[in-house]
Each structure stands twice: as structure tokens, then as C-alpha cells.
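In the working numbering, the protein residues as written are 1 to 303.
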């Protein structure tokens, strides 16, 4: 994919697919491919493989690389494929190079989790990966401890095509958008549909989504409304998914993937349990409420 086309894709929805496991706890390639196929068929612009919704940190490096091939084959050229990379700098580079060999269009580099990382060192980490590979890079920033000038340095680096901003610090986000005004920097809402409205108002474009695994048309409806400037419709759709997204934030976001996978299981897909240290299963009350939420979407007339 040409860089110009990939930039356009980043203005859309970056849907992070879930990873299915079989009864032995191994990746279920066929079911994972079915999930990716559904996301691509719904017209989602960019499919992220090996993201947090795909349980990146619970997978081995070999599994992450295998997941790339599963997603790329299942997508069959319909959407862009962005492969996630991370962990140590050397591992991130190796994973990213494997993604290039497999046919990915870009790489999303996870925020380094080292508890002793210097803020400017985190920026250098992203840039270090970007300069060592051939694919364009999206930097996944999850901390608001990095200064505006450092974030601007990251966003305007020629090998960084976008910054997935996943902090709730909207003042910092606004400062970053202002600091890079007039450049080609792309600031993506990394907090999914529920935060996309304020991010758009502050200069963001596009958003990430785990909802696409369960209700891709609903996610697409949010994006379409935002692109049209129809904030009232966008708010109405976001309101309809708010409880679903709030349920995902339980246990300090430990239920994030669990809610997605159990929603898919309610839809008849045997996804397997979330791997530790995530929440392996919802409790019965939350599962019952999830049933109600999914049923409600079928009859609310919004999508």
C-alpha cells in the first residue's frame, strides 16, 4: 500500500481483532480468521493484528508472528493490515520485519512497558523501531508523562505516520494537535468510540475499536457520523455502547478483552477464555447483563 493511501486509512477505524483459542488453549486459526473476515467484510478501514484486544502481551513472539499470517490471509486484501510489535527494541524490530515479510501494510508499535523508561527514551524507542524497518509505523502512546515537544518530535518524524493517543489527558492531546498544526502528523483516538467525539473536536482523526469484533456496523456508524460532523448522531450511537465499553474497564481494564470474547461467545463463537493475567471469565451477573445489551442493539433502530 502506498504511503498516501495508508495515511487515509489511519483517518478511519483501526479495528483490533480478538484472538480465538481452542480447547487446549492454543490459537484457533480458523476461528480467528473468521473474526478477521467479519471485520473486513464490514468495511473497517484498518485491521490491527496483535493489538491489546488480541492479547499481545499474553502471546509468545512466535504466536504474534503466526497471528500476522492468519490475519493477512483472512483479510485477503480488503482492508489495510497493521501488525503490532513491541516488547524489547530488538524483539519489536524482529516482529515488525516478520510483518513486512508476511505482507502487512504497516506496524503499530506498542508503548514500552519498562517501569524505568525515560519519557524521551520511549520516544526514541518508537523511532528506533521505525528507522530499522521498511513499513510505516503507528506509535501507540499510552502515557501522558511525555512532554508535548517530545510527542511532537515523534508525530512529525518522517517514519512515523500516526500516533495512537491512548491517554485520557485531553488537554495534552489538544496541545499536541496544536503543536503539530500544519504538519502531516495524524493523531488517532486510541480510546475507541466513546472518546472519539472529544478527540475529533480537538483535532484527532480516526479511532481504534474492539467493538468491531462484535458490532462492526455500529462502529462504522460512529465514524460516518463524525466524518459528516453529525455529533448528535455520533453521541446517540456512543450512548448505546457506553455500558458495554464501561463493562470492559472493570478490574482496571482487566475485563477489556473478556467482554469482547464473551460477547462473541454469546453470538455462538467458541472463543476460549482470555489468558492470564486478564480476567478469564465474567461473573454470572455481568454475563447476563451482556446478553441484555446485545439484545438491545438488535432493536434500538440506530444501525
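From the three backbone atoms N, C-alpha and C, an ideal C-beta is built for every residue, glycine too.
For residue 234, the CB contacts under 7 angstroms within the same chain, skipping 5 residues up- and downstream, are 197, 222, 225 and 226 in chain order. In this chain, the alpha helix (DSSP H) harbouring residue 253 covers 250 to 253. DSSP places residue 126 in the uninterrupted alpha helix (DSSP H) bounded by 119 to 132. In the DSSP secondary-structure assignment, residue 49 is bridged to 83. Cβ-Cβ separation between residue 147 and residue 179: approximately 10 angstroms, too far for a contact (criterion under 8 angstroms). In the DSSP assignment, residue 140 falls within the beta strand (DSSP E) that extends over 137 to 141. When beta bridges are read from the DSSP output, residue 21 appears opposite 27. Under the 10 Å beta carbon count, residue 284 is surrounded by fewer than 16 other beta carbons and is classified as exposed.
Comparing alpha carbon positions, the residue from 237, 272, 262 and 253 closest to residue 298 is 237. Here residue 110 is not near residue 141, since their CB atoms are 8 angstroms or more apart. Annotation: the continuous beta strand (DSSP E) that includes residue 14 extends over 13 to 16. For the 8 angstroms CB-CB criterion, residue 95 and residue 102 do not form a contact. Counting along the chain, the unbroken alpha helix (DSSP H) around residue 100 starts and ends at 89 to 102. Pairing residue 268 with residue 128, the inter-Cα distance amounts to about 43 angstroms.
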